[in-house]
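Asks: Here my numbering = 1-based position in the sequence shown + 67. Note that the Cβ used here is the ideal one computed from N, Cα and C, for glycine as well. Got a structure here, written out as structure tokens. Questions coming.
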Amino acid sequence: MLIQPRSVKLTTRTGVEVRRTLPHRDLKMIGAWCFVDHFGPTEQTDGMVVAAHPHTGLQTATWLIEGAIEHRDSIGSVQIIKPGQLNLMTAGHGIAHSEISLTAAQQPGANLLHAVQLWIALPKEAIETAPDFEHQSNLPRFTIADGPSGSIATATVLAGEFMGHVAQTKTFSPLIGVEIRVRAGQTIEIPLNPAFEHGFMLVEGQIALSAPASGLNNTDIPVSGLEYLEKGPDSATLTAGTQDSIILLLGGKPFGEKILMWWNFIGRTHQDIAKAREEWNAALASRFPSFEDEIGGRIPAPDLPNVQLNAR
Ligand code: MN
Numbered sequence: 068m069l070i071q072p073r074s075v076k077l078t079t080r081t082g083v084e085v086r087r088t089l090p091h092r093d094l095k096m097i098g099a100w101c102f103v104d105h106f107g108p109t110e111q112t113d114g115m116v117v118a119a120h121p122h123t124g125l126q127t128a129t130w131l132i133e134g135a136i137e138h139r140d141s142i143g144s145v146q147i148i149k150p151g152q153l154n155l156m157t158a159g160h161g162i163a164h165s166e167i168s169l170t171a172a173q174q175p176g177a178n179l180l181h182a183v184q185l186w187i188a189l190p191k192e193a194i195e196t197a198p199d200f201e202h203q204s205n206l207p208r209f210t211i212a213d214g215p216s217g218s219i220a221t222a223t224v225l226a227g228e229f230m231g232h233v234a235q236t237k238t239f240s241p242l243i244g245v246e247i248r249v250r251a252g253q254t255i256e257i258p259l260n261p262a263f264e265h266g267f268m269l270v271e272g273q274i275a276l277s278a279p280a281s282g283l284n285n286t287d288i289p290v291s292g293l294e295y296l297e298k299g300p301d302s303a304t305l306t307a308g309t310q311d312s313i314i315l316l317l318g319g320k321p322f323g324e325k326i327l328m329w330w331n332f333i334g335r336t337h338q339d340i341a342k343a344r345e346e347w348n349a350a351l352a353s354r355f356p357s358f359e360d361e362i363g364g365r366i367p368a369p370d371l372p373n374v375q376l377n378a379r
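This is the structure:
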């Protein structure tokens, strides 16, 4: 099933647009992955200015293809992320953070901004875990296949295990995240965990996906689009078109729990969400301590709808 991306304006100072594939009416999650935003590439490197806002019940993962973003949060983290690195923030009981992209003047080489932001739902037993932040700058990166003149495909493991390489990223349910780069005109076969469902999101270039067990035969994925595969297949074949191409592979054991996502919060009940909203808007320091950044201010939670929110 192909999920077409839709444009969404973020609540930022500059009205940045992202392409979102998850959540979608027809697909809520892939394993615990429950939110996929693709941004750029754009020369608008000052475009990502997101003031302090809260999260609960999830992890956020920021992955950069190009550019640089500075992250600050309410547990004291200050971290610049560069391409090839992962920022993983575990919200658990509650955290607040802000993000600002850096210009080439501030961070040499950051001429374009090209990023993916992902959310990972926490399972019930971890939903109240203490907030945490980790910066992974040494993720497993390896050659998937060689051709006559060198590597034709490489993988960087963001989370979980892929082809025997394990990322040290802290996760709370069985899942994988892998960035795969395939040289123009090349075809590679990759293994899949048949107990996992998977999504392939095209970040750049052209990729055709084959997985006969899922009925896919050289199916083109549009840029920012996500091809979803139910659990079952144990391999897939990727063929790059005339450009070097980048695809993000997300997978996981079907989550098996209903979740309630509203604004920046994940809970299980209306009460979970209403409480988090109220405590953020009241600036309750025991849950969402304040922190300094260059952006200033904070994004208030909107009004709750006039209906009972239910986990789905
Ligand atoms: Mn956020």
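Go ahead and pull the three-state DSSP assignment for Asp311.
Replies: Residue mapping note: residue 311 aligns to position 244 of the sequence shown, counting from 1. Asp311 falls in the coil class under three-state DSSP.
Asks: Go ahead and label Ala352 buried or exposed: buried means 16 or more other beta carbons lie within 10 angstroms of its beta carbon, across all protein chains shown.
Replies: Residue numbering aside, residue 352 sits at position 285 when the sequence shown is read from its first letter. So Ala352 ends up on the exposed side.
Asks: Any idea if Gly363 is buried or exposed, counting beta-carbon neighbours within 10 angstroms, 16 or more meaning buried?
Replies: On the sequence shown, residue 363 is found 296 positions in, with the first residue counted as 1. A residue is called buried when at least 16 other Cβ atoms come within 10 angstroms of its Cβ; Gly363 does not meet this threshold and is exposed.
Asks: Just checking, does the stretch 311-325 make contact with the stretch 242-254 on the three C-beta pairs under 8 Å criterion?
Replies: yes
Asks: Return the first residue and the last residue of the alpha helix (DSSP H) that Gln338 is part of.
Replies: Taking the first residue of the sequence shown as position 1, residue 338 is located at position 271. First-last of the alpha helix (DSSP H) with Gln338: 337-348.
Asks: Could you check if Gly227 is buried or exposed, using at least 16 other CB atoms within 10 Å of its CB as the buried criterion?
Replies: What you label residue 227 is simply residue 160 of the sequence shown in a count that begins at 1. Counting Cβ neighbours within 10 Å, Gly227 comes out buried, since at least 16 surround it.
Asks: Determine the contact status of Thr196 and Leu185, defining contact as a CB-CB distance below 8 Å.
Replies: The residue you call residue 196 lines up with position 129 of the sequence shown. The residue you call residue 185 lines up with position 118 of the sequence shown. No.
Asks: Mapping DSSP to helix, strand and coil, what is Lys191?
Replies: If you number the sequence shown from 1, residue 191 lands on position 124. If DSSP states are grouped into helix, strand and coil, Lys191 belongs with the helices.
Asks: For Ala220, which three-state DSSP category applies?
Replies: Counting from one through the sequence shown, the residue named residue 220 turns up at place 153. Strand at Ala220.
Asks: Using 10 angstroms around the beta-carbon of Arg86, count the other beta-carbons present and answer buried if the total reaches 16, otherwise exposed.
Replies: Position 19 of the sequence shown, counted from the first residue, corresponds to residue 86. The residue is buried, with at least 16 neighbouring Cβ atoms inside 10 Å.
Asks: Output the distance between the C-alpha atoms of Tyr295 and His232, rounded to the nearest integer angstrom.
Replies: Translated into the one-based positions of the sequence shown, residue 295 becomes position 228. Translated into the one-based positions of the sequence shown, residue 232 becomes position 165. Here the C-alpha atom of Tyr295 lies approximately 23 Å from the C-alpha atom of His232.
Asks: By Cβ distance, which residues of its chain are closer than 7 Å to Ala278, with the 5 residues on each side in sequence left out?
Replies: On the sequence shown, residue 278 is found 211 positions in, with the first residue counted as 1. Cβ within range, chain order: Leu296, Pro300, Ala303.
Asks: Just verifying my parser: in three-state terms, what is the DSSP assignment at Ala280?
Replies: By one-based count along the sequence shown, residue 280 stands at place 213. Looking at Ala280 - three-state DSSP - the assignment turns out to be helix.
Asks: Determine, using beta carbons only, whether Trp347 and Phe355 come nearer to each other than 8 Å.
Replies: Numbered from 1 along the sequence shown, position 280 holds the residue referred to as residue 347. Numbered from 1 along the sequence shown, position 288 holds the residue referred to as residue 355. Their beta carbons are under 8 Å apart, which means Trp347 touches Phe355 by this criterion.
Asks: Let me make sure I understand the geometry here. Which of Leu305, Leu259, Lys325 has the alpha-carbon closest to that of Ala220?
Replies: Along the sequence shown, read from residue 1 onward, the residue named residue 220 stands at position 153. The shortest Cα separation from Ala220 among Leu305, Leu259, Lys325 belongs to Leu305.
Asks: Out of Leu89, Phe332, Val75, which one is the CA nearest neighbour of Gly266?
Replies: Mapped onto the sequence shown, residue 266 falls at position 199. Comparing Cα-Cα distances from Gly266 to each of Leu89, Phe332, Val75, the minimum goes to Leu89.
Asks: Using 8 Å for Cβ pairs, my map puts Leu69 next to Gln111. What's the rounded Cβ distance?
Replies: In the sequence shown, residue 69 corresponds to position 2, counting from 1. In the sequence shown, residue 111 corresponds to position 44, counting from 1. Not quite, the Cβ-Cβ distance comes to about 28 Å (not below 8 Å), so this is no contact.
Asks: Going by DSSP, name the residue or residues bridged to Lys76.
Replies: Counting from one through the sequence shown, the residue named residue 76 turns up at place 9. Among the bridge pairs identified by DSSP, Lys76 is matched with Glu84.
Asks: Going by the beta-carbon positions, is the gap between Asp311 and Ala251 smaller than 8 Å?
Replies: Counting from 1 along the sequence shown, the entry for residue 311 is found at position 244. Counting from 1 along the sequence shown, the entry for residue 251 is found at position 184. Yes, Cβ-Cβ distance for Asp311 and Ala251 is below 8 Å.
Asks: Buried or exposed, going by whether 16 or more other CB atoms sit within 10 Å of the CB of Pro381?
Replies: The question about residue 381 has no answer, for the chain in this structure spans 68 to 379.
Asks: Comparing alpha-carbon positions, which option in Arg379, Ala341, Pro367 lies nearest Asn373?
Replies: To locate residue 373, count along the sequence shown from 1; it is residue 306. Ranking the options by Cα distance to Asn373, first place goes to Ala341.
Asks: Would you please state the rounded distance, in angstroms, between the beta carbons of Gly124 and Gly334? I believe it to be under 8 Å.
Replies: Here the question's residue 124 lines up with position 57 in the sequence shown. Here the question's residue 334 lines up with position 267 in the sequence shown. In this structure Gly124 is in contact with Gly334, their Cβ atoms being roughly 5 Å apart against a cut-off of 8 Å.
Asks: Any idea if Glu166 is buried or exposed, counting beta-carbon neighbours within 10 angstroms, 16 or more meaning buried?
Replies: For the purposes of this step, residue 166 is identified with residue 99 of the sequence shown, where counting begins at 1. Flag for Glu166 reads buried.
Asks: Using only the heavy atoms of ligand 1, determine whether one of them is closer than 7 Å to the beta carbon of Asn285.
Replies: Stepping through the sequence shown from its first residue, residue 285 is reached at position 218. Asn285: no, Cβ never under 7 Å from ligand 1.
Asks: Can you tell which of Leu371, Ile366, Pro369, Thr336 has its C-alpha closest to the C-alpha of Asn377?
Replies: Here residue 377 is taken as the residue at index 310 of the sequence shown, counted from 1. Among Leu371, Ile366, Pro369, Thr336, the Cα nearest to that of Asn377 belongs to Thr336.
Asks: State the start and end residues of the unbroken beta strand (DSSP E) segment that holds Thr129.
Replies: Within the sequence shown, the letter at position 62 stands for residue 129. Unbroken beta strand (DSSP E) run through Thr129: 125-133.
Asks: With distance defined between alpha-carbon atoms, name the residue in His105, Trp329, Thr309 nearest to Ala128.
Replies: For the purposes of this step, residue 128 is taken as residue 61 along the sequence shown, with counting starting at 1. Taking Ala128 as reference, the option from His105, Trp329, Thr309 with the minimal CA-CA separation is His105.
Asks: I need the DSSP call for Met64, collapsed to helix, strand or coil.
Replies: Beyond the ends of the chain as shown, which are 68 and 379, falls residue 64; an answer cannot be given.
Asks: Keeping to the same chain, check which residues put their C-beta closer than 8 Å to that of Phe209; ignore five residues upstream and five downstream.
Replies: Position 142 of the sequence shown, counted from the first residue, corresponds to residue 209. If we look at Phe209 and ignore the five residues flanking it on each side, its Cβ neighbours are Thr221, Ala222, Met230, His232.
Asks: With a threshold of 7 Å, establish whether the CB of His337 neighbours any heavy atom of ligand 1.
Replies: The residue given as residue 337 occupies position 270 in the sequence shown. Checking the Cβ of His337 against ligand 1 gives no.
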